[in-house]
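Undergrad: Heads up: the sequence lines are chains A and B, in that order.
Numbering-wise (the numbering used here), the first sequence opens with residue 1 and increments by one.
Numbering-wise (the numbering used here), the second sequence opens with residue 1001 and increments by one.
Built from N, CA and C at the ideal position, the CB exists for glycine as well.
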Amino acid sequence: AQKITQTQPGMFVQEKEAVTLDCTYDTSDPSYGLFWYKQPSSGEMIFLIYQGSYDQQNATEGRYSLNFQKARKSANLVISASQLGDSAMYFCAMREVPGGTSYGKLTFGQGTILTVHP
Amino acid sequence: DAGVIQSPRHEVTEMGQEVTLRCKPISGHNSLFWYRQTMMRGLELLIYFNNNVPIDDSGMPEDRFSAKMPNASFSTLKIQPSEPRDSAVYFCASSLGLFNTEAFFGQGTRLTVV
């Protein structure tokens, strides 16, 4: 079963505008962590932001914020004031702590390609 | 502090040959992941270790793939024999802790099997 779903294969945004990248997840475990990574065309994977399932407030890191809606099982990434350098692939990921043996497993969605237009 | 170090960065090999990819995790990290990235299948988790013990290898595609972690500072992913469909970028990542810490990725190994 798909654990992480990113429904937007590609997104476009104008420079200096805000953009939201969608991510929904599936888990029955109360303890989990949600992550967003950026992969520019150079190929490296860059960690952006983390949200714990028990965190009361939405995570923020500079221009990145995570819109965490636990009941809806969504963890959307919001990038404010987009820059040309934000053009990249963005991955949502989840790490679970289930009761079974697969604790700590880190699973990624399919990714969303963001293009920032000048 | 050095990040996750993978070698080689690029590997071109002929079908049927054995390929070994290497990874040195960040010192002190106790979880290590191997991923494969292709255009068609995205980023797939192949196997991951916790405290040098394989926890889940359900993503390993076939018996041709094997992974080891003989100690906390070294892991290998071996493909024997290699096939053209194994061509991909292979990433190694490490993290400290089980679920509330991010994983740090190496630069990846681009494997081409001809």
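1) Quick check on residue 1114 of chain B: buried or exposed, where buried means 16 or more other Cβ atoms within 10 Å of its Cβ?
2) Does residue 57 of chain A get closer than 8 Å to chain B when you measure Cβ to Cβ?
3) Whose Cβ in chain B lies nearer than 7 Å to the Cβ of residue 107 of chain A?
4) Check residue 22 of chain A in the structure and name its three-state DSSP category.
5) Taking DSSP as the reference, what is the three-state secondary structure of residue 84 of chain A?
6) Residues in the stretch 1102–1113 of chain B with C-beta within 9 Å of chain A's C-beta atoms, listed in sequence order?
7) Give me the residue from B:1045, B:1074, B:1087 with the minimum Cα distance to residue 1029 of chain B.
8) Hey, quick one: how far does the beta strand (DSSP E) through residue 1019 of chain B stretch, first residue to last?
9) Since residue 1031 of chain B meets chain A, which of its residues come closer than 7 Å, beta carbon to beta carbon?
10) Is residue 11 of chain A close to chain B, meaning its C-beta is less than 8 Å from at least one C-beta of that chain?
11) Helix, strand or coil for residue 1056 of chain B, going by three-state DSSP, please let me know.
12) Under 8 Å between C-beta atoms, does residue 1016 of chain B make it to chain A?
13) Going along the chain, which residues of its own chain have a beta-carbon closer than 8 Å to the beta-carbon of residue 46 of chain A, five neighbours each way excluded?
14) Roughly how many whole angstroms lie between the Cα atoms of residue 1067 of chain B and residue 105 of chain A?
15) On the three-pair Cβ rule with 8 Å, is the stretch 1007–1020 of chain B touching the stretch 7–24 of chain A?
16) Let me check understanding here. Comparing Cα to Cα, which of A:115, A:75, A:60 lies closest to residue 27 of chain A?
17) Does the beta carbon of residue 1065 of chain B come closer than 8 Å to any beta carbon on chain A?
18) At the level of alpha carbons, what is the spacing between residue 8 of chain A and residue 1022 of chain B?
TA: Taking the geometry as given:
1) exposed
2) no
3) 1045
4) Residue state for residue 22 of chain A is assigned as coil, using DSSP reduced to three classes.
5) Here residue 84 of chain A sits in helix by DSSP.
6) 1102, 1103, 1104, 1105, 1106, 1107, 1108, 1110
7) B:1074
8) 1019–1024
9) 104
10) no
11) Correct three-state label for residue 1056 of chain B: strand.
12) Taking 8 Å as the threshold, the shortest C-beta distance from residue 1016 of chain B to chain A does not fall below it.
13) Answer for residue 46 of chain A: 37, 38, 39, 40, listed in chain order.
14) In a straight line, the C-alpha of residue 1067 of chain B is about 16 Å away from that of residue 105 of chain A.
15) Too few Cβ pairs lie closer than 8 Å, so no.
16) Residue A:75 is the option with its Cα nearest to residue 27 of chain A.
17) no
18) 34 Å
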